[in-house]
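Asks: Sequences listed follow chains A and B, in order.
If you read the first sequence in UniProt numbering, its first letter stands for residue 1, the second for the next number, and so on.
If you read the second sequence in UniProt numbering, its first letter stands for residue 1, the second for the next number, and so on.
Just so you know, even glycine gets a beta-carbon here, dropped at the ideal spot from N, CA and C.
Since the structure is predicted, the reported quantities are computational estimates derived from the model, not experimental observations.
I'd like to ask some things about the structure below.
There are 2 protein chains.
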Amino acid sequence: MKPTLQAVADAVGVSRSTVSNAYSRPDQLSAALRERILDAARQLGYPGPNPTARSLRRGFVGSIGVLFTSQLSYAFTDPFAVRFLAGVGEAAERHGTSMLLVPLPQAQTDARRAVENAAVDGFCVYCVADEEWALDVIRARGLPYVSTAPRDDAGADERFVGIDERAAAYSAAAHVAGLGHRRVALLADAVLPDAPAGPLTLSGPQEVWHPTTRGRLTGFADAFAEVGVDWAGLTLLNAPGNSRRAAAAAVAGLFDGPAPPTAVLAGSDVLALGVLDVLAQRSDGPVPPVSVTGFDDVPEAAAAGLTTVRQPAKEKGRIAAELLLDPPADAAANHVLLPTALVVRTSTGPVPRS
Amino acid sequence: MKPTLQAVADAVGVSRSTVSNAYSRPDQLSAALRERILDAARQLGYPGPNPTARSLRRGFVGSIGVLFTSQLSYAFTDPFAVRFLAGVGEAAERHGTSMLLVPLPQAQTDARRAVENAAVDGFCVYCVADEEWALDVIRARGLPYVSTAPRDDAGADERFVGIDERAAAYSAAAHVAGLGHRRVALLADAVLPDAPAGPLTLSGPQEVWHPTTRGRLTGFADAFAEVGVDWAGLTLLNAPGNSRRAAAAAVAGLFDGPAPPTAVLAGSDVLALGVLDVLAQRSDGPVPPVSVTGFDDVPEAAAAGLTTVRQPAKEKGRIAAELLLDPPADAAANHVLLPTALVVRTSTGPVPRS
DNA sequence: GCACCCCTCTGTATCGATTCAGACTGTATC
DNA sequence: GATACAGTCTGAATCGATACAGAGGGGTGC
Numbered sequence: 001m002k003p004t005l006q007a008v009a010d011a012v013g014v015s016r017s018t019v020s021n022a023y024s025r026p027d028q029l030s031a032a033l034r035e036r037i038l039d040a041a042r043q044l045g046y047p048g049p050n051p052t053a054r055s056l057r058r059g060f061v062g063s064i065g066v067l068f069t070s071q072l073s074y075a076f077t078d079p080f081a082v083r084f085l086a087g088v089g090e091a092a093e094r095h096g097t098s099m100l101l102v103p104l105p106q107a108q109t110d111a112r113r114a115v116e117n118a119a120v121d122g123f124c125v126y127c128v129a130d131e132e133w134a135l136d137v138i139r140a141r142g143l144p145y146v147s148t149a150p151r152d153d154a155g156a157d158e159r160f161v162g163i164d165e166r167a168a169a170y171s172a173a174a175h176v177a178g179l180g181h182r183r184v185a186l187l188a189d190a191v192l193p194d195a196p197a198g199p200l201t202l203s204g205p206q207e208v209w210h211p212t213t214r215g216r217l218t219g220f221a222d223a224f225a226e227v228g229v230d231w232a233g234l235t236l237l238n239a240p241g242n243s244r245r246a247a248a249a250a251v252a253g254l255f256d257g258p259a260p261p262t263a264v265l266a267g268s269d270v271l272a273l274g275v276l277d278v279l280a281q282r283s284d285g286p287v288p289p290v291s292v293t294g295f296d297d298v299p300e301a302a303a304a305g306l307t308t309v310r311q312p313a314k315e316k317g318r319i320a321a322e323l324l325l326d327p328p329a330d331a332a333a334n335h336v337l338l339p340t341a342l343v344v345r346t347s348t349g350p351v352p353r354s
Numbered sequence: 001m002k003p004t005l006q007a008v009a010d011a012v013g014v015s016r017s018t019v020s021n022a023y024s025r026p027d028q029l030s031a032a033l034r035e036r037i038l039d040a041a042r043q044l045g046y047p048g049p050n051p052t053a054r055s056l057r058r059g060f061v062g063s064i065g066v067l068f069t070s071q072l073s074y075a076f077t078d079p080f081a082v083r084f085l086a087g088v089g090e091a092a093e094r095h096g097t098s099m100l101l102v103p104l105p106q107a108q109t110d111a112r113r114a115v116e117n118a119a120v121d122g123f124c125v126y127c128v129a130d131e132e133w134a135l136d137v138i139r140a141r142g143l144p145y146v147s148t149a150p151r152d153d154a155g156a157d158e159r160f161v162g163i164d165e166r167a168a169a170y171s172a173a174a175h176v177a178g179l180g181h182r183r184v185a186l187l188a189d190a191v192l193p194d195a196p197a198g199p200l201t202l203s204g205p206q207e208v209w210h211p212t213t214r215g216r217l218t219g220f221a222d223a224f225a226e227v228g229v230d231w232a233g234l235t236l237l238n239a240p241g242n243s244r245r246a247a248a249a250a251v252a253g254l255f256d257g258p259a260p261p262t263a264v265l266a267g268s269d270v271l272a273l274g275v276l277d278v279l280a281q282r283s284d285g286p287v288p289p290v291s292v293t294g295f296d297d298v299p300e301a302a303a304a305g306l307t308t309v310r311q312p313a314k315e316k317g318r319i320a321a322e323l324l325l326d327p328p329a330d331a332a333a334n335h336v337l338l339p340t341a342l343v344v345r346t347s348t349g350p351v352p353r354s
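Structural data, given as structure tokens:
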């Protein structure tokens, strides 16, 4: 039987309240008595107030949840997610708050249950898929949250940190279009739920499922529309799972046709790197170079010479947590749009003369 | 006022127990009543049993803590730590358990408090510094834990997952020694607490502070002792913080003397990569190449051509969590030693003839 | 000398659930 | 027809703390 606060109280001969105060409100009792209590606690092996009981009574937990709407293990595989987590961790650390990483089971019901059961004071929702149901649960629990994906029906007061996905993507596509590319493939994760890796036909970017992906593809499309390439003229590829492997699977056979694309615009660096992997392995004779762009500017991108759109990953995490832990009084400040920048490296170049 | 379980009970006209059972033990009531209760709950906006209250009564929380005895943000910066976390996450996911990342404040007292206050069922202790005090707290709380650093006074039944640090380090050093190197520098983190970056004099590896570092340096020393280079003949460098920058600071000026080392053995890949950074920038005329080895075989190591000792990072995390969540009946199986392998790449070579 | 206040400490109510022994009903067993 | 038993549901006890009003004693101001 582990000693309780009551046991310490009995040992010292004071009331339970006083022992509690010795731990949580030292100013409420004399220093001498406090020392006696702490000594007795040490003697008894009392490890301090039970965190769970304390949370129940106090009404808060002292930790924030980070929700990935996908495998938790994914979070550590994706370099962008890792940097995001680093930012969250930094802010949490500063506030003396812990981070709870909540894995979501595959089954919808269990996943719901997981969000319902998480002992946290709020959530940073990092969306890699549809998250509406999760937000419903969080709202029902009356917990605050910060979202990182644009949502169509977001209330004005809803806390959000993100970027202008469309404009950011536009900048990359405009760069590629400016280099003369007209036969172009767009590669992205979560274009449609449950679609396999490979080509996909949609009547327009507005049909794209995931809001982040939708924003980026819209930006790509807009830039090419301006140079006379409409949506139907672009090749759309789905790469479910946002991994190098998924990218490789998605572009399989892409360059073997009679008029292969001269550029691939990817919705993330990870996908772009996957494409570069594939291109690097195509050493079957002299092939005209293919331009590739990514998105995020993860650390690996620089080494690979990848042209990409930089967004401040760590900053995003930091601000998300900050918005949760220390919300600004001004409601407008709850909606943060971060800057992005096109980073041109060696993976893009002019269209080769064929 | 958020609805409680009692409110739902009142609405339906049943006892609190029955509502509780509707959520936690569906077999304890008729399906019809259960539906009525769940409906009422939905109507009232009751989000399910309060996790904290549930944990208090049930006696467990459903999450495990991961303790880094350093800045939490470090955990996401160090590629080895990230892979370790990925492993923990994988196991946690499989067990439907959440992971709580606990940031430790600088101040000793606050750090103690943080471990005392973490609402978890057990700890994976990832040590980057002295952790004895943390283990004391955890034991006082009566919580199970898994350690990943060798401890001298570890009980036989103490759960542990790690590698044979000495033997692993020995293999790297023997390789370098076999290449003919005799003027060698050893570079490591946490050689002594609070020591600045740079050279350090110790009478032997047994004086090294951190047990992991101690094991590795002992292995290095053993290999060189066998070829006639004793401890005093080796240059010891401290790189506090285990970062590329720390490595760069530690080796500053190292190669400018009359008889610079021809090889640097680092206690981690991150440090080794820092050394390679420095060497790459020394383009001041033709310098004889310096052999460098790392430790861990993080993803970046391969790209850099770094000779290193591979240890299964993700596996380590996975097994640590597994040991915690599903301890083997056999006490001996609580002590897991993982295999390591020397991976020879291009960063090591024979001593240049001068 | 009285009123007032501050400093310490106590006692009770409360946070929101789960547990478990039992009450009650209806059905199967012999 | 009595006994046993399975299936449902209830009530009180309990998990381990914190909050808050207030009691009691000593000091201060006037």
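#1: Tell me where the beta strand (DSSP E) around Thr235 of chain B begins and ends.
#2: What residues from the UniProt domain "HTH lacI-type" (3-58) of chain B come within 7 Å of chain A, judged by C-beta to C-beta, listed N to C?
#3: Could you please give the first and the last residue of the uninterrupted beta strand (DSSP E) stretch that includes Ala266 of chain B?
#4: When you compare only the Cα positions, how much space is there between Val82 of chain B and Val309 of chain B?
#5: Going by DSSP in three states, Ser98 of chain A sits in which element: helix, strand or coil?
#6: Go through the segment 184-270 of chain A residue by residue and report every complete run of the alpha helix (DSSP H) that reaches 4 residues or more, in order.
#7: Sort out for me which residues DSSP pairs Tyr145 of chain A with in a bridge.
#8: Measuring only the C-alpha atoms, how far is Ala174 of chain B from Ile163 of chain B?
#9: Please say whether Cys124 of chain B and Ala149 of chain B have beta carbons closer to each other than 8 Å?
#10: Output, in chain order, the set of chain A residues within a Cβ distance shorter than 9 Å of Val102 of chain B.
#11: Helix, strand or coil, according to DSSP, for Ala86 of chain B in the structure here?
#12: With distances taken Cα to Cα, identify the nearest neighbour of Phe60 of chain B among B:Val66, B:Val227, B:Thr52.
#13: So Val336 of chain B and Thr307 of chain B are in contact, right, with Cβ under 8 Å, and what is the actual spacing, rounded?
#14: Rounded to a whole number of angstroms, what is the C-alpha to C-alpha distance between Ala114 of chain B and Glu322 of chain B?
#15: In three-state DSSP terms, what is Leu104 of chain A?
#16: Between the alpha carbons of Arg318 of chain A and Glu131 of chain B, how many angstroms are there, rounded?
#17: State the Cα-Cα distance for the pair Phe76 of chain A and Asp256 of chain A, rounded to the nearest angstrom.
#18: I want to verify the contact list: residues of chain B whose CB lies under 8 Å from the CB of Leu135 of chain A, in sequence order.
#19: Please return the same chain residues whose Cβ sits closer than 6 Å to the Cβ of Val184 of chain B, not counting the five positions on each side in sequence.
#20: Suppose contacts are defined by Cβ-Cβ distances below 8 Å. Is Thr293 of chain A in contact with Ala272 of chain A by that definition?
#21: Quick check on Asn117 of chain A - is its C-beta less than 8 Å from some C-beta in chain B?
#22: Using the Cα positions of Pro288 of chain B and Asn238 of chain B, report the straight-line distance between them to the nearest angstrom.
#23: List, in order along the chain, the chain A residues whose C-beta lies closer than 8 Å to that of Gln71 of chain B?
#24: Given 7 Å as the limit, tell me if Gly317 of chain B has its C-beta closer than that to any heavy atom belonging to the ligand PLP.
#25: Would you kindly check if the distance between the Cβ of Val88 of chain A and the Cβ of Ala313 of chain A is under 8 Å?
#26: Strictly by DSSP, which residues pair up with Ala296 of chain A?
#27: Do Gly45 of chain A and Pro3 of chain A come within 8 Å of each other at the CB atom, strictly closer than that value?
#28: In its own chain, which residues sit with a C-beta less than 8 Å from the C-beta of Leu338 of chain A, not counting the 5 before and 5 after it?
#29: Please report the distance separating the alpha-carbon of Met1 of chain B from that of Gly219 of chain A.
#30: Counting pairs of beta carbons, one from the segment 17-33 of chain A and one from the segment 21-38 of chain B, are three or more of them closer than 8 Å?
#31: Name, going along the chain, the residues of the segment 298-326 of chain A whose beta-carbon falls closer than 7 Å to a beta-carbon of chain B.
#32: For Ala193 of chain B, collect the residues of the same chain with a Cβ closer than 6 Å to its Cβ; drop the 5 residues on either side in sequence, then sort them by chain order.
#33: So, helix, strand or coil for Phe68 of chain B, using DSSP?
#34: For a contact meaning CB atoms closer than 7 Å, what does Ala86 of chain A contact in chain B?
#35: Using a Cβ cut-off of 8 Å (strictly closer), state whether residue 365 of chain A contacts chain B.
#36: Output the distance between the C-alpha atoms of Asn117 of chain A and Asp326 of chain B, rounded to the nearest integer angstrom.
Replies: The relevant details are as follows:
#1: Numbered from 1 along the second sequence, position 235 holds the residue referred to as residue 235 of chain B. Per DSSP, Thr235 of chain B belongs to the beta strand (DSSP E) from 235-238.
#2: Going along the UniProt domain "HTH lacI-type" (3-58) of chain B in chain order, one finds Gly45, Pro47, Gly48, Pro51, Thr52, Ala53, Ser55, Leu56 with a Cβ nearer than 7 Å to chain A.
#3: Here residue 266 of chain B refers to the residue found at position 266 when the second sequence is read from its first residue. Taken as a continuous stretch (DSSP letters only), the beta strand (DSSP E) holding Ala266 of chain B covers 263-266.
#4: To locate residue 82 of chain B, count along the second sequence from 1; it is residue 82. To locate residue 309 of chain B, count along the second sequence from 1; it is residue 309. The straight-line gap from Cα to Cα measures roughly 18 Å.
#5: One-based indexing of the first sequence puts residue 98 of chain A at position 98. Correct three-state label for Ser98 of chain A: strand.
#6: 211-226, 244-250
#7: Stepping through the first sequence from its first residue, residue 145 of chain A is reached at position 145. Partner(s): A:Phe123.
#8: Start at 1 with the first residue of the second sequence, and residue 174 of chain B comes out as number 174. Start at 1 with the first residue of the second sequence, and residue 163 of chain B comes out as number 163. Their backbone Cα atoms lie some 18 Å apart in a straight line.
#9: Mapped onto the second sequence, residue 149 of chain B falls at position 149. Mapped onto the second sequence, residue 124 of chain B falls at position 124. If you check the CB distance, Ala149 of chain B and Cys124 of chain B do not come in under 8 Å.
#10: In the second sequence, residue 102 of chain B corresponds to position 102, counting from 1. Ordered by position in chain A, the residues that pass the 9 Å Cβ test against Val102 of chain B are Ser63, Ser98, Met99.
#11: Here residue 86 of chain B is taken as the residue at index 86 of the second sequence, counted from 1. Three-state DSSP puts Ala86 of chain B in a helix.
#12: The count along the second sequence starts at 1 and reaches residue 60 of chain B at position 60. When each option's Cα is compared against that of Phe60 of chain B, the closest is B:Thr52.
#13: By one-based count along the second sequence, residue 336 of chain B stands at place 336. By one-based count along the second sequence, residue 307 of chain B stands at place 307. Not a contact, Cβ separation roughly 26 Å.
#14: Numbered from 1 along the second sequence, position 114 holds the residue referred to as residue 114 of chain B. Numbered from 1 along the second sequence, position 322 holds the residue referred to as residue 322 of chain B. For Ala114 of chain B and Glu322 of chain B, the distance between alpha carbons rounds to 24 Å.
#15: Locating residue 104 of chain A in the first sequence gives position 104, where the first residue counts as 1. Coil, per DSSP.
#16: Taking the first residue of the first sequence as position 1, residue 318 of chain A is located at position 318. Taking the first residue of the second sequence as position 1, residue 131 of chain B is located at position 131. When rounded, the distance between both Cα atoms is 28 Å.
#17: Taking the first residue of the first sequence as position 1, residue 76 of chain A is located at position 76. Taking the first residue of the first sequence as position 1, residue 256 of chain A is located at position 256. Rounded to whole angstroms, Phe76 of chain A to Asp256 of chain A spans 34 Å at the Cα level.
#18: The residue you call residue 135 of chain A lines up with position 135 of the first sequence. Leu135 of chain A does not reach chain B, its nearest Cβ partner there being about 12 Å away, counting only Cβ pairs nearer than 8 Å.
#19: The residue given as residue 184 of chain B occupies position 184 in the second sequence. Counting only Cβ-Cβ distances below 6 Å, and skipping sequence neighbours, we find Leu234, Pro261, Ala263.
#20: To locate residue 293 of chain A, count along the first sequence from 1; it is residue 293. To locate residue 272 of chain A, count along the first sequence from 1; it is residue 272. Yes, the Cβ-Cβ distance between Thr293 of chain A and Ala272 of chain A is below 8 Å.
#21: Taking the first residue of the first sequence as 1, we reach residue 117 of chain A at position 117. With 8 Å as the cut-off, Asn117 of chain A counts as an interface residue toward chain B.
#22: By one-based count along the second sequence, residue 288 of chain B stands at place 288. By one-based count along the second sequence, residue 238 of chain B stands at place 238. Approximately 24 Å, taken between the alpha carbons.
#23: Translated into positions along the second sequence, residue 71 of chain B becomes position 71. The answer, in chain order, is Glu93.
#24: No copy of the ligand PLP occurs in the structure displayed, which carries no ligand at all.
#25: Taking the first residue of the first sequence as 1, we reach residue 313 of chain A at position 313. Taking the first residue of the first sequence as 1, we reach residue 88 of chain A at position 88. Between Ala313 of chain A and Val88 of chain A, the C-beta spacing is not below 8 Å.
#26: Counting from 1 along the first sequence, the entry for residue 296 of chain A is found at position 296. Note on residue identity: the sequence assigns Asp, not Ala, to residue 296 of chain A. Per DSSP, A:Arg310.
#27: Residue numbering aside, residue 3 of chain A sits at position 3 when the first sequence is read from its first letter. Residue numbering aside, residue 45 of chain A sits at position 45 when the first sequence is read from its first letter. A contact, by the Cβ cut-off of 8 Å.
#28: What you label residue 338 of chain A is simply residue 338 of the first sequence in a count that begins at 1. Counting only residues of its own chain and dropping the five nearest sequence neighbours on each side, Leu338 of chain A has a CB closer than 8 Å to the CB of Val161, Gly162, Ile163, Gln311, Pro312, Glu315, Lys316, Ile319.
#29: Numbered from its first residue, the second sequence carries residue 1 of chain B at position 1. Numbered from its first residue, the first sequence carries residue 219 of chain A at position 219. In this structure, the alpha-carbon of Met1 of chain B lies about 44 Å from that of Gly219 of chain A.
#30: no
#31: Residues passing the 7 Å Cβ filter: Ala303.
#32: Here residue 193 of chain B refers to the residue found at position 193 when the second sequence is read from its first residue. A quick correction: the sequence has Pro, not Ala, at residue 193 of chain B. So the list reads Trp209, once near-sequence residues are dropped.
#33: Position 68 of the second sequence, counting from 1, holds the residue named residue 68 of chain B. Reduced to three states, the DSSP call for Phe68 of chain B is strand.
#34: Reading the first sequence from its first residue, position 86 is the one you call residue 86 of chain A. What Ala86 of chain A touches in chain B: Ser73, Phe76, Thr77.
#35: The structure shown does not extend to residue 365 of chain A, since chain A spans only 1 to 354, so no value can be given for it.
#36: Taking the first sequence and counting its residues from 1, one reaches residue 117 of chain A at position 117. Taking the second sequence and counting its residues from 1, one reaches residue 326 of chain B at position 326. Per the coordinates, the alpha-carbon of Asn117 of chain A lies some 21 Å from the alpha-carbon of Asp326 of chain B.
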